[in-house]
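Line by line, the protein sequences are chains A and B. Numbering follows the numbering used here, in which position 53 of the first sequence is assigned residue number 53; successive positions increment by one, without gaps. Numbering follows the numbering used here, in which position 199 of the second sequence is assigned residue number 1199; successive positions increment by one, without gaps. Ideal placement from N, C-alpha and C gives every residue a C-beta, glycine not left out.
Number of protein chains: 2
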Amino acid sequence: MQILVDSARRRQSVLVAGLDPIPDRLPPAVLEAGLSEVRATEAFCRGILVAIEPYVAAVKLQAAYFERLGPAGMQVYAELIEQADALGLPVIADVKRGDIGPVAAAYAEAHLAVYGAACVTVNPYMGNDAVLPFLEQTRLLNRGGGVFSLVATSNPSAGELQNLGEPPLYEAAARLVRDAGGGDGEYPDAGAVVGVTHPKVGRRVRELLPDALFLAPGYGAQGGGAEGVRSLLDARGAGVLVNSSRGILYAHEDSGLDYREAARQAARSAREELRGIGARM
Amino acid sequence: MQILVDSARRRQSVLVAGLDPIPDRLPPAVLEAGLSEVRATEAFCRGILVAIEPYVAAVKLQAAYFERLGPAGMQVYAELIEQADALGLPVIADVKRGDIGPVAAAYAEAHLAVYGAACVTVNPYMGNDAVLPFLEQTRLLNRGGGVFSLVATSNPSAGELQNLGEPPLYEAAARLVRDAGGGDGEYPDAGAVVGVTHPKVGRRVRELLPDALFLAPGYGAQGGGAEGVRSLLDARGAGVLVNSSRGILYAHEDSGLDYREAARQAARSAREELRGIGARM
């Protein structure tokens, strides 16, 4: 995780910008240029990367939106990871893969080695078999990357499974993260995805994982706010990277500005907001 | 799910062949032809598809092995789905995606509409938000496809999360499948992935889902046998498709036969074994 920590400190930002290029929300300037959907997605994402680079610790690429564009979409995914690298922005591949053993190893190789993301998100439903192969790959590559395992997510139906049991399932998922983590960075290489939308759950997960790095979705567009972020901070007021996707990407929809300028302003103010809350790295 | 049921009856087979082209297990005849890894994978899978076609209800493509070959690998994945279609073999895209809302919808569009698989596997850790968009896509396409949601998997660490709680988590996952299913086929369009490796768990899941179609991994190479399969059968002795991957694909390693002939024989005998157990459609 050190690559994320170093980038966050360099830019004084705990903000992660999520690249979710939703097809029917691409800005008019891009849609009207007569490009194919693949090329329009590429142009949009490239514009966003350059615009937000000074204000974000990392970018999170949502693989689904590239996957739905077929093999050409995966080529764009590859090139955006390259571009982010060239800008000094670490990439979190938001793939949430959840398979086991050699299959998990193949996914890990795909996203971390072939496509070259620094970090990846994974789904722990199948247990440790689904998480360890990703950690092995990051350790092999030794670039300061890491693996964020879903623990307590921010979506409306998250609790249907995650809150079941006593203690609830998310506690077991947190323990799996604790036991899996290693490496020689300031944070263990196994981190957790914990939404900012349920502060009580967030505080409990932080108790169980006092030393882990969290990737926190749900800020802004999904309704999470300052209290949700604070609930996740570690004893030093650090340890949390906060993701915002739609609030940055589609800021032009409200402002009428060029999408790049709107995204830049949105990223800058989200960074300041998070500093105001006291979140730092 | 009707497309799977019809194919199983036509071929008198409840066997699903899993296409897991593990790079260092490709047969010598393919490896020595001097092809690139992408082309070798393609040649191997194409050979297998033709060889096993008469004996299997469907093929299950393990997306990870194509993903690790980059965009060119996804092109092969697309072409194999086309070839299977041309052979009248329904494809289950084993993607185990587990994301929510518009992201899940993008994955569903990718694998069911763009790549054109009939069925897909999904991961329910995030709750219904992660399952329903896939069902919506299959209903929209209306080709008799369906969605297999992970319930109780066959891997060694499966129980780390799935067995927690009282009642255990896998029961909640089964209820999610029950509540999500619909459509006008003989089986609901929401099915379950239930391993053959834990018969007691299998019987319980069958109690909760008396009418659902199960996709059952763990047969053969993973140690599951006749008792495991029987535990999953519905009241009519039907309702289960049994997956075998390595036992078919890599049959040449033990037999010394051409890989196609070895796979064909392995598929034929697995089909007969399953008929012997009393599993039918």
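Per-residue contacts from residue i into chain A (C-beta, under 8 Å)
i: isoleucine 1081 (chain B); result: The premise fails here: isoleucine 1081 (chain B) is roughly 12 Å from chain A at the closest Cβ pair, so nothing lies under 8 Å.
i: alanine 1172 (chain B); result: Glu160, Leu161 and Leu164
As assigned by DSSP and simplified to three states, the class of residue i
i: leucine 1132 (chain B); result: helix
i: valine 14 (chain A); result: coil
i: glycine 239 (chain A); result: coil
i: serine 255 (chain A); result: helix
i: threonine 1153 (chain B); result: coil
i: valine 5 (chain A); result: helix
i: serine 1245 (chain B); result: coil
i: valine 1196 (chain B); result: coil
i: leucine 69 (chain A); result: coil
i: valine 1147 (chain B); result: strand
i: glycine 1159 (chain B); result: helix
i: isoleucine 92 (chain A); result: strand
i: glycine 191 (chain A); result: strand
Chain B contact residues for residue i, given Cβ-Cβ distances below 8 Å
i: leucine 19 (chain A); result: In chain order: nothing, as chain B lies at least about 12 Å away.
i: asparagine 128 (chain A); result: Ser1157 and Glu1160
i: leucine 169 (chain A); result: Leu1161, Leu1164, Gly1165 and Leu1169
Buried versus exposed, by CB contacts within 10 Å (16 or more), residue i
i: arginine 97 (chain A); result: buried
i: asparagine 1142 (chain B); result: exposed
i: lysine 1200 (chain B); result: exposed
i: glutamate 67 (chain A); result: buried
i: serine 1244 (chain B); result: buried
i: serine 36 (chain A); result: exposed
i: leucine 241 (chain A); result: buried
i: valine 1050 (chain B); result: exposed
i: arginine 271 (chain A); result: buried
i: aspartate 1347 (chain B); result: Any question about residue 1347 (chain B) goes unanswered here, given that chain B covers just 1001 to 1281.
i: glycine 202 (chain A); result: buried
i: arginine 1010 (chain B); result: exposed
i: proline 1210 (chain B); result: exposed
i: alanine 1033 (chain B); result: exposed
i: proline 167 (chain A); result: exposed
i: arginine 236 (chain A); result: exposed
i: glycine 182 (chain A); result: exposed
i: glycine 1088 (chain B); result: exposed
i: glutamate 227 (chain A); result: exposed
Identity of the residue in the options nearest residue i by Cα
i: alanine 173 (chain A); options: A:Ser154, A:Glu166, A:Leu150 and A:Asn155; result: A:Leu150
i: lysine 1060 (chain B); options: B:Glu1109, B:Leu1004, B:Gly1070 and B:Gly1202; result: B:Leu1004
i: leucine 169 (chain A); options: B:Met1126, B:Asp1189, B:Glu1136 and B:Leu1140; result: B:Met1126
i: tyrosine 187 (chain A); options: A:Tyr219, A:Ser13, A:Gly146 and A:Asn128; result: A:Gly146
i: leucine 1176 (chain B); options: B:Glu1160, B:Gly1195, B:Asp1184 and B:Ala1152; result: B:Ala1152
i: proline 1054 (chain B); options: B:Pro1090, B:Gly1070 and B:Leu1080; result: B:Pro1090
i: methionine 281 (chain A); options: A:Leu232, A:Leu87, A:Ala117 and A:Met74; result: A:Leu232
i: asparagine 155 (chain A); options: A:His198, A:Ile277, A:Pro27 and A:Gly88; result: A:His198
i: alanine 1117 (chain B); options: B:Asp1129, B:Phe1148 and B:Asp1099; result: B:Phe1148
i: glycine 1276 (chain B); options: B:Pro1102, B:Ser1013 and B:Glu1253; result: B:Ser1013
i: glutamate 171 (chain A); options: A:Val120, A:Val193, A:Gly185 and A:Arg46; result: A:Val193
i: alanine 267 (chain A); options: A:Met1, A:Gln2 and A:Ala17; result: A:Ala17
i: arginine 1204 (chain B); options: B:Gly1181, B:Ala1110 and B:Asn1163; result: B:Asn1163
i: arginine 39 (chain A); options: A:Asp20, A:Ile22 and A:Val76; result: A:Val76
i: arginine 1264 (chain B); options: B:Cys1045, B:Thr1041 and B:Val1122; result: B:Cys1045
i: alanine 1008 (chain B); options: B:Gly1247, B:Ala1238 and B:Tyr1259; result: B:Ala1238
i: threonine 1138 (chain B); options: B:Ala1093, B:Leu1031 and B:Ser1157; result: B:Ala1093
i: glutamate 42 (chain A); options: A:Val56, A:Leu15, A:Gly88 and A:Ala84; result: A:Ala84
i: aspartate 1234 (chain B); options: B:Leu1087, B:Ala1279, B:Gly1144 and B:Val1196; result: B:Ala1279
i: glycine 1191 (chain B); options: B:Leu1140, B:Gly1165 and B:Leu1132; result: B:Leu1132
i: arginine 260 (chain A); options: A:Gln2, A:Asn123 and A:Pro27; result: A:Pro27
i: glycine 1256 (chain B); options: B:Arg1206, B:Val1120 and B:Ala1029; result: B:Ala1029
i: glutamine 1062 (chain B); options: B:Ile1052, B:Val1056 and B:Gly1073; result: B:Gly1073
i: alanine 1110 (chain B); options: B:Gly1247, B:Gly1088 and B:Phe1134; result: B:Phe1134
i: glycine 1158 (chain B); options: B:Gly1218, B:Glu1273 and B:Asp1254; result: Here residue 1158 (chain B) turns out to be alanine, not glycine, going by the sequence shown. The shortest Cα separation from alanine 1158 (chain B) among B:Gly1218, B:Glu1273 and B:Asp1254 belongs to B:Gly1218.
i: tyrosine 1065 (chain B); options: B:Asp1020, B:Leu1087, B:Val1095 and B:Gln1002; result: B:Asp1020
i: aspartate 6 (chain A); options: A:Arg25, A:Val56 and A:Pro71; result: A:Val56
Contacts that residue i makes with chain B (C-beta to C-beta distance below 9 Å)
i: methionine 281 (chain A); result: In chain order: nothing, as chain B lies at least about 26 Å away.
i: leucine 232 (chain A); result: Ordered by position in chain B, no residue passes the 9 Å Cβ test against leucine 232 (chain A), which lies about 18 Å from the chain.
i: glutamine 62 (chain A); result: Asp1099, Val1103 and Ala1106
Neighbour list for residue i in chain A, Cβ cutoff strictly below 9 Å
i: proline 1124 (chain B); result: Tyr125, Glu160 and Leu161
i: glycine 1070 (chain B); result: Pro71, Met74, Gln75, Ala78, Ala110, Val114 and Tyr115
i: leucine 1150 (chain B); result: Gly98, Tyr125 and Met126
Under 7 Å from the C-beta of residue i: neighbouring residues of chain A
i: tyrosine 1065 (chain B); result: Ala106
i: threonine 1153 (chain B); result: Met126
Where residue i meets chain B, residues with beta-carbon distance less than 7 Å
i: leucine 176 (chain A); result: Glu1160
Chain-ordered residues of the stretch 100–114 of chain A with a beta carbon less than 9 Å from chain B | Ile100, Gly101, Pro102, Val103, Ala104, Ala105, Ala106, Tyr107, Ala108, Glu109, Ala110, His111, Ala113 and Val114
Legend entry - Positions along the stretch 193–218 of chain A whose CB lies within less than 9 Å of some CB in chain B: none
Taking a cut of 8 Å between CB atoms, which residues from the stretch 14–42 of chain A lie near chain B? Asp20 and Ile22
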